[in-house]
Amino acid sequence: MKAGVGLISSLLLFLLMGAVFAQRPRPKKPTRRPATTRKPFVPKRGEPAVPEPQEPTDFPPIILGPPSIFSDCPKECLCLPSYPNSLNCENRNIRVVPVIPFRTHYLYLQNNYISELTAEAFNNATEVRWINLANNRIQKIDKQVFEKIPGLLYFYVQRNQLNEVPSGLPTSLEQLRLDRNRISKIPAGAFTKLENLTLLDLHYNQLSDSDLGKNTLKDLKNLMQLNLAYNVLKKMPAGVPNNLIQLFLDKNRIDDIPKDYFKDFTHLAFVRLNHNQLSDKGVPKAVFNLTSLLDLQLAHNQLTVIPLFNNHLEHLHLNHNNIESKLCTFVLVVFTQNAMRAVFCFLPLERFLVCLHPDMHSSNARVHFN
Ligand SMILES: *[C@@H]1O[C@H](CO)[C@@H](O)[C@H](O)[C@H]1NC(C)=O
Ligand SMILES: *[C@@H]1O[C@H](CO)[C@@H](O)[C@H](O)[C@H]1NC(C)=O
Ligand SMILES: *[C@@H]1O[C@H](CO)[C@@H](O)[C@H](O)[C@H]1NC(C)=O
Numbered sequence: 001m002k003a004g005v006g007l008i009s010s011l012l013l014f015l016l017m018g019a020v021f022a023q024r025p026r027p028k029k030p031t032r033r034p035a036t037t038r039k040p041f042v043p044k045r046g047e048p049a050v051p052e053p054q055e056p057t058d059f060p061p062i063i064l065g066p067p068s069i070f071s072d073c074p075k076e077c078l079c080l081p082s083y084p085n086s087l088n089c090e091n092r093n094i095r096v097v098p099v100i101p102f103r104t105h106y107l108y109l110q111n112n113y114i115s116e117l118t119a120e121a122f123n124n125a126t127e128v129r130w131i132n133l134a135n136n137r138i139q140k141i142d143k144q145v146f147e148k149i150p151g152l153l154y155f156y157v158q159r160n161q162l163n164e165v166p167s168g169l170p171t172s173l174e175q176l177r178l179d180r181n182r183i184s185k186i187p188a189g190a191f192t193k194l195e196n197l198t199l200l201d202l203h204y205n206q207l208s209d210s211d212l213g214k215n216t217l218k219d220l221k222n223l224m225q226l227n228l229a230y231n232v233l234k235k236m237p238a239g240v241p242n243n244l245i246q247l248f249l250d251k252n253r254i255d256d257i258p259k260d261y262f263k264d265f266t267h268l269a270f271v272r273l274n275h276n277q278l279s280d281k282g283v284p285k286a287v288f289n290l291t292s293l294l295d296l297q298l299a300h301n302q303l304t305v306i307p308l309f310n311n312h313l314e315h316l317h318l319n320h321n322n323i324e325s326k327l328c329t330f331v332l333v334v335f336t337q338n339a340m341r342a343v344f345c346f347l348p349l350e351r352f353l354v355c356l357h358p359d360m361h362s363s364n365a366r367v368h369f370n
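The numbering of the sequence shown is this note's numbering, which starts it at 1 and goes up by one.
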């Protein structure tokens, strides 16, 4: 009987390995152990999609918009009669923000060479709701800009050159994207009174623990998505508002999670801590035992045991840890074409297996150790 089970599990193992290696490129050195040969971490910068022109000569000329029926349409923008509230100035090699007409609610300025935001352009732009400034060269934003646009809801400034979070953000703000900048500073009070902010994206910056004191985020009562991945945090961020649904902290240097860190989070469903320095010591036994949690990603850490979790969990990512050395002979995470994922943990002595089928109903997403 025991031999029969052994045979079946070996066969299953063999078939699975075949399936996995058929779908994924074979690593160059499959025997390398990640924990001991880890290189010092250097944060990567976001690479610009196109080569950046050099100052001062080779800025491409401004591309003018077509003639417009709106007399207030800036010459470098597109004003469509069917969308009188949109001002489309994206992809036009603009270096200076044009004067924004009063009728504008949606302002598109992405993919230009704008380096500064000053209040003059916004003197009459009191109705603006959305601004997209992604992929420019913004280093400076006058805080008077925000006094002109008190109803701003979405402010997208990802892929720029900001060194700090802008000050004076309007309290109406709902979404703030500041990812892929050079931010290493959050001025005191930067996020105070932003009671309606639901999304804060700060990934790919240079934030460290001292930037996230316990009061930094405390006013963000409605925050649902916080992305602090690709920074240089060593600790879990303090004062994270507990209405959060999604917390991304991949690729930092976190080695420890306080025992009660997630205690007051009742909606937290998605937690990513891939590529950190978590070992068993830094992960208290029941820290992830939350009924709300659906997706937990702990790949590329130094765990040797599978953390305890609640059976509502649907996705668990544990690849590239050291779990095989103790509990399991190894752990396999299987990605199939239809994105179904499964974690198989093969235990010694044919006691198997961990099997997680996240695309089935959550009541089926159980983990069985023996
Ligand atoms: C500002 O908007 C008002 C209302 O549409 C308009 O009458 C005025 O001419 C605008 N001023 C400028 C400088 O565009
Ligand atoms: C927050 O949103 C609510 C509901 O839309 C709105 O009534 C309130 O004025 C907003 N708060 C601020 C500071 O804009
Ligand atoms: C895990 O959470 C459940 C409630 O969801 C609780 O009954 C159980 O005691 C917890 N386990 C541990 C080890 O804390």
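Even glycine gets a Cβ: it sits at the ideal position worked out from N, Cα and C.
- If you check the C-beta of Asn-311 against ligand 3, you find no heavy atom less than 6 Å away.
- Going by DSSP, Phe-155 is part of the beta strand (DSSP E) stretching over 154-156.
- Among the bridge pairs identified by DSSP, Arg-177 is matched with Tyr-156 and Asp-201.
- Here Asn-85 is not near Tyr-108, since their CB atoms are 7 Å or more apart.
- Scanning its chain for C-beta atoms nearer than 7 Å, with the 5 sequence neighbours on each side dropped, one finds around Gly-282 the residues Asp-255, Asp-256 and Ile-257, in chain order.
- Note on geometry: alpha-carbon atoms of Ala-125 and Val-165 lie some 22 Å from one another.
- As a beta-bridge residue in DSSP terms, Ser-86 pairs with Tyr-106.
- Counting only residues of its own chain and dropping the five nearest sequence neighbours on each side, Ile-69 has a CB closer than 6 Å to the CB of Pro-81.
- Less than 7 Å separates the beta-carbon of Val-232 from that of Ser-208.
- DSSP places Phe-146 in the uninterrupted alpha helix (DSSP H) bounded by 144-148.
- Near ligand 2, meaning a beta-carbon closer than 6 Å to one of its heavy atoms, we find Thr-171, Ser-172, Glu-195 and Asn-196.
- About 6 Å separates the CB atoms of Pro-98 and Glu-76; that is less than 8 Å, so the two are in contact.
- In the structure shown, Phe-270 falls within a strand segment according to DSSP collapsed to helix, strand and coil.
- Around the beta carbon of Glu-314, a 10 Å sphere encloses 16 or more other beta carbons of the protein chains shown; the residue is thus reported as buried.
- Per DSSP, the beta-bridge partners of Ser-279 are Gln-302.
- A check of alpha carbon separations from Leu-169 across Lys-193, Thr-104 and Ile-63 identifies Lys-193 as the nearest.
- Taking a C-beta distance under 7 Å as the contact criterion, His-267 and Ser-292 qualify as a contact pair.
- Comparing alpha carbon positions, the residue from Ile-149, Thr-171 and Leu-117 closest to Gln-161 is Leu-117.
- Assigned with DSSP and collapsed to three states, Glu-116 falls in strand.
- Look at Ile-100 here: in three-state DSSP terms it is coil, with no helix or strand label.
- When the Cα atoms are used, Ile-138 and Ile-114 turn out to be separated by approximately 6 Å.
- Across the set Pro-66, Phe-59, Leu-228 and Phe-288, the C-alpha of Leu-228 shows the shortest separation from the C-alpha of Asp-179.
- Here Phe-59 is exposed, its C-beta having fewer than 16 other C-beta atoms within 10 Å.
- Distance from the Cα of Lys-263 is smallest, within the candidate group Arg-103, Leu-273 and Val-240, for Val-240.
- In terms of side-chain proximity, the C-beta atom of Asn-123 is found no nearer than 6 Å to any non-hydrogen atom of ligand 3.
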